[in-house]
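S.K.:
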Amino acid sequence: MTEMENIFKPDDKNIEKAAKIIHEGRTVAFPTETVYGLGADCFNPKACASIFEIKERPLFDPLILHIDDIKKAFMLFKEVPCKAEKLMKKFWPGPLTLVLPKTEAVPDIVSAGLSTVAVRMPKHPIALALIRAAECPIAAPSANKFGRLSPTTASHVAEQLGKGPAMILDGGRTTVGVESTIITFHENKPVLLRAGGLAAEEIEEELGEKVLRPVISGNSLPSAPGCLKKHYAPAAEMKIIKRGDKTEKDKNTAYMAFSEPPEDFGEYGIVKILSAERNLCEAAANLFYMLHELEKAGIKKIYAEEMPHTGLGLAIMDRLKRGSVK
Ligand code: AMP
Ligand code: MG
């Protein structure tokens, strides 16, 4: 069997087939609006264990549960503060994950032994159809090897995980392109655990208060166990630079610009533009996709331009920083 043979068209028949696979305790890779996920029945600890095995993910790194209906969050969360409910109503389905105290129904392997669990409702018709057909929340981290680039197409999944998932549903390229924003609450204040596909500013506007940022302030706020210093890393060495900084230039180097090519663009092996229109959503959607392309082309060193630190620029900078740690 070639690595492409477990990629399937997401028609009704194949979604039913995928749901059956989930029921049987095996795994299915499927598209969401953020990145592709590797899913299993969240109530089946053995099936969840196989996610860790296929991804080579450490067991201390908890999984996100995907639901198709807000009501189901109340089976998984023990307590839902008013502010969390407000965010669910405003931003679900969408790229927002909430971390709150879990009920007994959630197996320990899912939460990596923590007393809290991460839940979101994806905004992707295939993901929602699969969760509905499987009749259970689906535990799904990104469908890549641990620490590597996140997949934004079905073939990215196949390249990294091969026949690991019993089935890969092909929904084309994902639209958001970076993982979800993760929020928890500390003393009833919102805390950003991971910058992602929903801008923190939008959450602040909805709640009418600042979202606290543990990484930046270095305080004792809760943090996300899986957000390691080195993560989302391309095979090539990556360096964040400011426009005009001195760089090496030859056919093995690439320059990834926000909106305009560098002056001496002809001297790099490849130049990528994240968004000619300086649109941060478009840049986020292109980020992993373009890094995959550079990886495939055999580029050895990537110079990535620093992005604005606002809106989705925060999520892009987070991925660039972690991807450039040696
Ligand atoms: P992903 O691999 O994109 O599905 O990311 C899952 C991430 O969600 C983990 O790496 C953690 O950083 C975060 N997460 C999941 N569950 C929790 C939790 N209970 N507490 C804090 N962070 C969590
Ligand atoms: Mg991941």
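Note that this note's numbering has the sequence shown beginning at 20, numbered continuously upward. We treat Cβ as the ideally placed atom computed from N, Cα and C, and that holds for glycine.
#1: Would you say the beta carbon of S69 comes nearer than 6 Å to a heavy atom of the ligand AMP?
#2: For A316, which option in K164, M107, N271, D31 has the closest C-alpha, if you only look at C-alpha atoms?
#3: Of the residues C67, T122, N207, R341, which one's Cα is nearest the Cα of A252?
#4: Could you spell out the range, first to last residue, of the alpha helix (DSSP H) harbouring R139?
#5: Using alpha carbons as the reference points, say which of H42, F93, I83 lies closest to T51.
#6: What did DSSP end up calling H85 once you bin it into helix, strand or coil?
#7: For N163, count neighbouring C-beta atoms within 10 Å of its own C-beta (all shown protein chains included) and say buried if the count is 16 or more, exposed if not.
#8: If you follow the beta strand (DSSP E) that Y322 is part of, which residue opens it and which one closes it?
#9: Taking only the alpha-carbon atoms, compute the straight-line gap between A185 and C67 and give it to the nearest angstrom.
#10: Is the region 81-97 close to the region 171-191, with three or more CB pairs under 8 Å?
#11: Indicate whether the contact test is met: 3 or more Cβ pairs, each with one atom in the region 196-214 and one in the region 287-298, closer than 8 Å.
#12: So the candidates are G227, L217, I187, P241; which of them puts its Cα closest to the Cα of N25?
#13: Please say whether E98 and P81 have beta carbons closer to each other than 7 Å?
#14: Starting from V129 and walking both ways along the alpha helix (DSSP H), at which residues does that stretch end?
M.R.: A quick look at the data gives this:
#1: Relative to the ligand AMP, S69 has its C-beta separated by 6 Å or more from all heavy atoms.
#2: N271
#3: For the options C67, T122, N207, R341, the alpha carbon positioned closest to that of A252 is the one of R341.
#4: No alpha helix (DSSP H) contains R139, which is instead part of the beta strand (DSSP E) from 135-139.
#5: The alpha carbon of T51 has as its nearest neighbour, out of H42, F93, I83, the alpha carbon of I83.
#6: Strand, per DSSP.
#7: Result: buried.
#8: Where Y322 is concerned, the enclosing beta strand (DSSP E) stretches over 320-324.
#9: Cα to Cα, the separation comes out at about 14 Å.
#10: no
#11: no
#12: For the options G227, L217, I187, P241, the alpha carbon positioned closest to that of N25 is the one of I187.
#13: no
#14: 127-130
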